[in-house]
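A short worksheet on the structure shown next.
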Amino acid sequence: MAWSFDSTKPIFQQIVDRITLEIVAGRYEPGQRLETVRDLAITVGVNPNTMQRALAALEDTGLVYTKRGDGRFVTEDDALIRRALEQYVSECCSQLVDTLRKVGLNDEEVLESIKQVLNKGTGEEL
Numbered sequence: 291m292a293w294s295f296d297s298t299k300p301i302f303q304q305i306v307d308r309i310t311l312e313i314v315a316g317r318y319e320p321g322q323r324l325e326t327v328r329d330l331a332i333t334v335g336v337n338p339n340t341m342q343r344a345l346a347a348l349e350d351t352g353l354v355y356t357k358r359g360d361g362r363f364v365t366e367d368d369a370l371i372r373r374a375l376e377q378y379v380s381e382c383c384s385q386l387v388d389t390l391r392k393v394g395l396n397d398e399e400v401l402e403s404i405k406q407v408l409n410k411g412t413g414e415e416l
């Protein structure tokens, strides 16, 4: 099933972001071989050139590497994956805080709102 994309970012960057998320979330395990460019392009629903560009960008981050003749693999560097996860969490939190500040909440109200959402999931008070 093809992925859906929005028009706010280049498609190759959305692919990079999604594969990065799948790596840091553990859906791709360290050392796991990725599908071929052509197979990934078909799965995602993009031109192979777009997929190639996304994979090249992932290689630039170090999260993916190429073994000549064997294909592309997820890094086995746990520290690098951890840093990518921390960066992802930081970006998500920054976006949330920025959005809540734009609607007029101060930092205390932002924290209280987050606590309320977390409480709904656990039923416990933080």
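Sequential numbering from 291 applies to the sequence shown in my numbering.
Heads up, the beta-carbon is just placed ideally off N, CA and C, and yes, glycines get one too.
Owing to the predicted nature of the structure, the values given are computational and were not obtained by experimental measurement.
Using the rule of at least 16 other Cβ atoms within 10 Å of the residue's Cβ for burial, across every protein chain shown, is residue i buried or exposed?
{"i": "L408", "result": "exposed"}
{"i": "Q406", "result": "exposed"}
{"i": "Y318", "result": "buried"}
{"i": "T310", "result": "buried"}
{"i": "L386", "result": "exposed"}
{"i": "V334", "result": "buried"}
{"i": "A315", "result": "exposed"}
Identify, in the order they occur along the chain, each residue of the same chain with its Cβ nearer than 6 Å to the Cβ of residue i, setting aside the five sequence neighbours on each side.
{"i": "Q342", "result": "V327"}
Could you pull out every residue in the same chain whose Cβ sits closer than 7 Å to the Cβ of residue i, ignoring the five residues on either side in sequence?
{"i": "F295", "result": "I301 and Q304"}
{"i": "G361", "result": "R323, L324 and T326"}
Comparing the CB of residue i with every heavy atom of the ligand SAH, is any distance shorter than 8 Å?
{"i": "Y378", "result": "Judged by which ligands are present, the structure shown has none, so any question about the ligand SAH falls away."}
What residue range does the alpha helix (DSSP H) around residue i cover?
{"i": "R238", "result": "Residue numbering for the chain in the displayed model covers 291 to 416; residue 238 lies beyond these limits and cannot be assessed."}
{"i": "R328", "result": "V327 to V334"}
{"i": "P338", "result": "P338 to T351"}
{"i": "R308", "result": "I301 to V314"}
Under 8 Å Cβ to Cβ from residue i, same chain only, skipping five residues before and after it: list those, please.
{"i": "T340", "result": "I301, F302, I305 and A331"}
{"i": "G352", "result": "T365, D367 and L370"}
Can you tell me where the beta strand (DSSP E) with residue i in it begins and where it stops?
{"i": "F287", "result": "With the chain covering 291 to 416 only, the question about residue 287 has no answer from this structure."}
{"i": "T356", "result": "V354 to K357"}
Thinking residue i and residue j are a contact (beta carbons under 8 Å), I'd like their distance in whole angstroms, please.
{"i": "P320", "j": "T356", "result": "Rounded, the Cβ-Cβ distance is 16 Å, inconsistent with contact."}
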